[in-house]
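Numbering (our numbering), first residue to last: 7 to 603. Note that the Cβ used here is the ideal one computed from N, Cα and C, for glycine as well.
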Ligand code: GDP
Ligand code: MG
């Protein structure tokens, strides 16, 4: 294909601003899918994505568009994830295309993820076409939002396209803008093959499907290819494009995007950002910018029913085959038995995986407190990466502890600014910037990731009634006065409740935790001390008093069926309990105890 007749682009937007709906419209208008096959949000494949209305993996589709100039163009659209957890996937998909449509909901305006995503597009040197969506809504203010795009983002929005992805108004203008305003790709057909590995996923029929963007050279079915980073070599079985159905084609040349299959066994064998070349006469240097995505949030996943451990193992291994950014290793906990320590890109990623395990594999799970990776520098100058507070080395040998910090950007209406500042301050944030765009404030904070992973989003949503938007990026590690806090129930440490905490906040957190636990743990026949401690020093203590009489006593012995019912109810309740020493702790306590409110 003539390079001048190709346009590769992505759509960037804040969540819910209409990216998927616009993609559907573009596909529909160009007749890429027969009307009867059209279902809303074609590109959102997984059920969970659909239910939550989010797009997780990057997807791609090839559209043929007969333009007003009389030529037919090939438009390759990449649908990128809109969520902060997947920022790395966004940044690498951006490098595979030359332009972006910046979709902004004209009734909402610019939000935190609009900024984060558009900056990624700017970093990737994209030409950007602003698109104002939802102009059918009475609350739409396209003029105000156009100005806001210019003020806040600093790009020209005078020729922003006004559309309604819902009604279809303006869609033909978007297609013309793609052709006339976005640049054609460049590349050399005669150079050695260089194709970028944009994404991959596991398909139970086809095995691993790899999404590629050809930079130079030509790839054909049957070619022997080599992954330049991993060294893997494979013959290409199938080559094709998504229309969005898979359609085989004989070759892909410079500027083109498509997929290949090559008897690759696991998604893990394909590194996103890797360079694919020919085994013989291949390219000598790989494309720049490769970096594997690393899990940043860790937690333990344990089956509520210990008999489900093997089921959990199978399920986790299956999910891991399809998700190279999700890590797992076996873990045993005195309180919870056998389970897995799992690593995720962020909290949403954690939730998605946990949901899938519970729903698709029908396993009830206990999730322990999410933790970040601490860098523990020892006196002997070695460094330990701590993923689990339970593995904390002896403090006597520790020189210092560093924790990951983030730069958080929050956009919020004026009225809630005070609450947001307080929340960030409470979470050990350092304010970096505060600016206004109309009646919305934009605050930038340097925050410890540790203080954000647990319930920051929830708190932010509740203090702002859902009006704030939030985005973050990692900025690096910094030393702080961090300690491990343990919880002892009946004088025994419960490692699933251990957390890393700043020394100045330890007492408040400790007190809150023991108070919560006192409410969450049912009374036993004996008195139970509940303590929070740092090293050997107790910093908070509560005592759960003993149960006075048998609970069945109040049934007076007379009503046998009532007594049985009560006993049955207790038994059912037991299933959700974990025996710990002589004490039973309910499953729900492991998460509830950690909530800060
Ligand atoms: P995404 O998160 O950016 O992919 O957003 P979606 O495409 O999933 O859209 C979010 C919500 O906005 C959905 O309920 C859509 O039906 C709705 N929506 C999208 N475009 C429009 C539009 O032009 N007008 C109106 N009124 N609603 C829209
Ligand atoms: Mg979407």
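query, result
"Using 7 Å as the cut-off, classify the Cβ of residue 27 as near or not near the heavy atoms of the ligand GDP, replying yes or no.", "yes"
"Among the residues of its own chain, which have a CB less than 7 Å from the CB of residue 112, if the five just before and after it don't count?", "138, 139, 140, 141, 146, 147, 148 and 151"
"What separation, rounded to the nearest whole angstrom, lies between the Cα atoms of residue 284 and residue 307?", "42 Å"
"Beta carbon of residue 477: closer than 7 Å to some heavy atom of the ligand GDP?", "no"
"According to DSSP, is residue 172 part of a helix, a strand, or is it coil?", "coil"
"Quick check on residue 114: does DSSP put it in helix, strand or coil?", "coil"
"Taking the alpha-carbon of residue 180 as reference, which of 239, 316 and 31 has the nearest alpha-carbon?", "31"
"When you compare each of 334, 330, 477 and 344 to residue 310 by their alpha carbons, which one comes out closest?", "344"
"Got a sec, what are the start and stop residues for the beta strand (DSSP E) residue 535 sits in?", "534 to 540"
"Taking the beta carbon of residue 340 as the centre, do at least 16 other beta carbons fall within 10 Å, making it buried, or is it exposed?", "exposed"
"Looking at C-alpha atoms only, which residue of 553, 209, 106 and 223 is the closest neighbour of residue 166?", "106"
"Need the endpoints of the beta strand (DSSP E) that residue 241 sits in, please.", "239 to 241"
"In chain order, which alpha helix (DSSP H) runs of at least 4 residues are fully inside the stretch 172 to 202?", "177 to 187"
"Label residue 115 either buried or exposed according to how many other C-beta atoms from any shown protein chain fall within 10 Å of its C-beta, with 16 as the threshold for buried.", "buried"
"Alpha carbon to alpha carbon, what distance is there between residue 318 and residue 337?", "12 Å"
"Can you give, in chain order, each stretch of the beta strand (DSSP E) that sits fully within the stretch 449 to 495 and has at least 3 residues?", "475 to 485 and 488 to 495"
"Please confirm whether residue 203 has its beta-carbon closer than 8 Å to some beta-carbon of chain B.", "No chain B is part of this structure, which consists of one protein chain only."
"Of the choices 478, 523 and 78, whose alpha-carbon is the least far from that of residue 412?", "478"
"If distances are taken between C-alpha atoms only, which option among 262, 128, 126 and 247 comes closest to residue 192?", "262"
"Is the beta carbon of residue 369 less than 8 Å from the beta carbon of residue 326?", "no"
"Quick check: does the Cβ of residue 21 come within less than 7 Å of any heavy atom belonging to the ligand GDP?", "yes"
"Please name the residue in 117, 366 and 431 whose C-alpha comes closest to that of residue 474.", "117"
"Comparing C-alpha positions only, which one of 286, 504 and 76 sits nearest to residue 200?", "286"
"In the structure shown, what three-state DSSP assignment does residue 23 receive?", "coil"
"Return the CA-CA distance between residue 543 and residue 131, expressed in angstroms with no decimal places.", "55 Å"
"For the ligand GDP, is there any heavy atom lying closer than 7 Å to the beta carbon of residue 170?", "yes"
"Which term fits residue 59, buried or exposed, when burial requires 16 or more other beta carbons within 10 angstroms of its beta carbon?", "The predicted position of residue 59 is uncertain, since its pLDDT is 46 and thus under 50; a value taken from the coordinates is nonetheless stated next. With fewer than 16 Cβ atoms within 10 Å of its Cβ, residue 59 is classed as exposed."
"Exposed or buried, which one is residue 374 when buried takes at least 16 other CB atoms within 10 Å?", "buried"
"I think residue 223 touches residue 198, with their Cβ atoms under 8 Å apart; what is that distance to the nearest whole Å?", "6 Å"
"Could you tell me whether the stretch 428 to 442 touches the stretch 344 to 354, using the rule of 3 or more Cβ pairs below 8 Å?", "no"
"Give me the residue from 342, 81, 453 and 501 with the minimum Cα distance to residue 313.", "342"
"Apart from the five residues just before and just after residue 238, which ones in its own chain have a Cβ nearer than 6 Å to its Cβ?", "275"
"Taking the runs of the beta strand (DSSP E) that are 3 residues or longer, which of them lie wholly in the stretch 364 to 423?", "371 to 373, 380 to 384, 389 to 392 and 404 to 419"
"Does the beta-carbon of residue 139, which I'm using as the reference point, lie nearer than 7 Å to any heavy atom of the ligand GDP?", "yes"
"Using the three-state DSSP reduction, which class does residue 143 fall into: helix, strand or coil?", "coil"
"Residue 345: beta carbon under 7 Å from a heavy atom of the ligand GDP?", "no"
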